[in-house]
Structures are given as structure tokens and as C-alpha cells.
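Report on the following structure.
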Amino acid sequence: MTIALFNTSLQINADLFGYLALGFFAFSFLMQSTRKTFLAQAPADACYGIHFLMLGSLTGCMVSLAAACRDLFAGLASERIMRIAIFIYLGLIWSVTFFTFNNDLAALFPATASSLASCAMLLRNNYYHSRYVIFAVQSIWLCFFTSIGSIPGIVGALGIITMNIIGLMRYHYDTSKRIVPA
Numbered sequence: 001m002t003i004a005l006f007n008t009s010l011q012i013n014a015d016l017f018g019y020l021a022l023g024f025f026a027f028s029f030l031m032q033s034t035r036k037t038f039l040a041q042a043p044a045d046a047c048y049g050i051h052f053l054m055l056g057s058l059t060g061c062m063v064s065l066a067a068a069c070r071d072l073f074a075g076l077a078s079e080r081i082m083r084i085a086i087f088i089y090l091g092l093i094w095s096v097t098f099f100t101f102n103n104d105l106a107a108l109f110p111a112t113a114s115s116l117a118s119c120a121m122l123l124r125n126n127y128y129h130s131r132y133v134i135f136a137v138q139s140i141w142l143c144f145f146t147s148i149g150s151i152p153g154i155v156g157a158l159g160i161i162t163m164n165i166i167g168l169m170r171y172h173y174d175t176s177k178r179i180v181p182a
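Shown next as C-alpha cells:
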């Protein structure tokens with residue numbers, strides 16, 4: 001009985017950190033510059049790290065905590081230095097992933113999604129391409145969230161995928177209006 005209550009309260013606490021992360025991510029999209037967006041996403045990644053640890057995913061935790069550091073660095077460093085830091089970050093998260101790998105293929109999802117997200121950071125001045133990368137990233141995160149039972153993660157990924165599709169549709173609609181027939 002005590003174990004069942006502990007597991008229930010652990011799930012509630014895990015969900016609390018998950019929804020807190022979701023709130024920080026939603027807040028980050030209200031920022032008016034890319035740098036401020038990255039800085040606002042750092043606490044979201046840290047909360048997701050705690051959320052994943054409470055749900056039993058050490059790999060997800062480590063990748064998310066490293067992503068929080070990456071986001072802080074991306075918000076504070078110049079773009080040239082950030083490019084170098086991203087490659088260091090990629091080496092770090094894949095090392096952590098292989099070190100904590102326990103024959104569960106779902107453990108590869110966080111590093112894969114975070115690697116693609118890091119590449120999207122390099123495309124931050126190209127709306128069209130970065131949106132397609134974000135769509136792929138969130139699809140991978142959705143698979144991971146589903147595999148570990150993260151309701152806040154599922155809600156967040158579906159929300160971002162939906163907003164991304166709407167944004168791409170608006171982008172394509174706007175560009176189609178600009179085309180003048182010959």
C-alpha cells in the first residue's frame with residue numbers, strides 16, 4: 001500500500017514538473033528575440049530533466065539538463081561561438097546516451113530529438129527549414145513522451161506540432177500570394 005501511494009505521489013510530482021516545463025516553454029515563445037527565447041527555454045529543459053528522472057528515464061534527464069546548459073549558452077554567446085558549442089553539446093549528449101543506454105530503444109529518442117533541435121538552432125534565420133526540423137523534433141519527442149507516459153510532454157508536443165503546422169500553412173499561403181503569374 002505504501003509503495004502504491006509513493007508511486008502515485010511520485011507521478012503527481014513528476015507531472016507537476018512536466019506542466020511547469022510546459023508553462024516555461026509556452027512563455028518562451030512570447031519572447032521578442034531568439035536569444036531571449038533560448039534563455040527562457042533553459043528552465044523548461046531543467047524542469048523536463050527532473051520530470052524525466054521522476055518517470056525513470058535517466059537518459060532523458062541527462063539530455064534535458066544538458067539542453068538547459070545549451071540554451072543558456074545559446075542565449076548568451078555569439079553565434080560563432082554557439083556553433084562550436086553545439087558540436088561539443090552533441091558529443092556530450094551522445095556520450096551520455098550511450099553511457100546510460102539500457103537496451104531500450106526509446107532511450108535514443110531524447111538525444112536524436114535534441115540533436116535535430118540543435119541543428120535547428122543553426123537555422124534560426126531560415127523560418128521555412130527550421131519549421132520542418134521542429135516538426136521532426138517534436139514528432140520524435142512525442143514518441144518518447146508516449147513511451148515513458150508523460151502526459152504533459154504529450155500535450156506539449158501535440159501543441160507545438162499543431163502550431164507548427166498552422167505556421168507552415170500560413171507561410172505557404174503568404175508566399176503563394178506573392179507569386180505573380182507571368
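Residue 1 is where the sequence shown starts when you use our numbering, and the numbers rise one by one after that.
Just so it is clear, CB atoms sit at the ideal spot from N, CA and C, and this is done for glycine as well.
In this text the structure is predicted, and so the values were computed from the model without any measurement.
>> Going by DSSP, what residue range makes up the alpha helix (DSSP H) through Ser95?
In response: That run of the alpha helix (DSSP H) goes 79-100.
>> Do Leu142 and Ala120 count as a contact pair if the criterion is CB distance below 8 Å?
In response: No; because the gap between Cβ atoms is not below 8 Å, this pair is not in contact.
>> If you measure between the beta carbons of Leu39 and Gly75, is that distance less than 8 Å?
In response: In contact: Leu39 and Gly75 (Cβ atoms closer than 8 Å).
> What are the complete beta strand (DSSP E) segments, minimum 3 residues, inside the region 116-155?
Replying inline: Segments of the beta strand (DSSP E) lying fully in the region 116-155: there are none.
>> Between the alpha carbons of Arg35 and Leu116, how many angstroms are there, rounded?
In response: When rounded, the distance between both Cα atoms is 19 Å.
> Quick one: is Leu72 near chain E, going by C-beta distance under 8 Å?
Replying inline: Annotation note: the requested chain E is absent from the structure, which comprises a single protein chain.
>> Considering just the uninterrupted stretch of the alpha helix (DSSP H) at Gly49, what are its terminal residues?
In response: Note, Gly49: alpha helix (DSSP H), 34-54.
>> Taking the alpha carbon of Phe52 as the reference point, which residue from Asp71, Ile165, Phe145, Arg170 has its own alpha carbon closest?
In response: If we check each option's Cα against that of Phe52, Phe145 comes out closest.
>> Quick check: Phe24 and Cys47, are their CB atoms within less than 8 Å of each other?
In response: Between Phe24 and Cys47, the CB-CB gap stays under 8 Å.
>> At the level of alpha carbons, what is the spacing between Met169 and Phe101?
In response: Approximately 38 Å between the Cα atoms of the pair.
> Apart from the five residues just before and just after Thr2, which ones in its own chain have a Cβ nearer than 8 Å to its Cβ?
Replying inline: For Thr2, the predicted model reports a pLDDT of 30, less than 50, meaning its position is unreliable; a value from the coordinates is still stated below. Excluding five sequence positions before and after Thr2, none of the CB atoms of its chain fall closer than 8 Å to its own CB.
>> Check for me: the alpha helix (DSSP H) holding Ala66 runs from which residue to which?
In response: 58-76 is the span of the alpha helix (DSSP H), which, as asked, contains Ala66.
> If you draw a straight line from the C-alpha of Val155 to the C-alpha of Ile140, how long is it?
Replying inline: Whole-angstrom Cα-Cα distance: 14 Å.
>> Here's a check: name, in chain order, each residue in its chain whose Cβ is nearer than 8 Å to the Cβ of Asn13, leaving out the five neighbours to either side.
In response: Taken in chain order, the residues that qualify are Met54.
> If you count every other CB in all the chains shown that lies within 10 Å of the CB of Gly18, and 16 or more means buried, which is it?
Replying inline: Of the residues assessed, Gly18 falls on the buried side of the cut-off, its CB having 16 or more other CB atoms within 10 angstroms.
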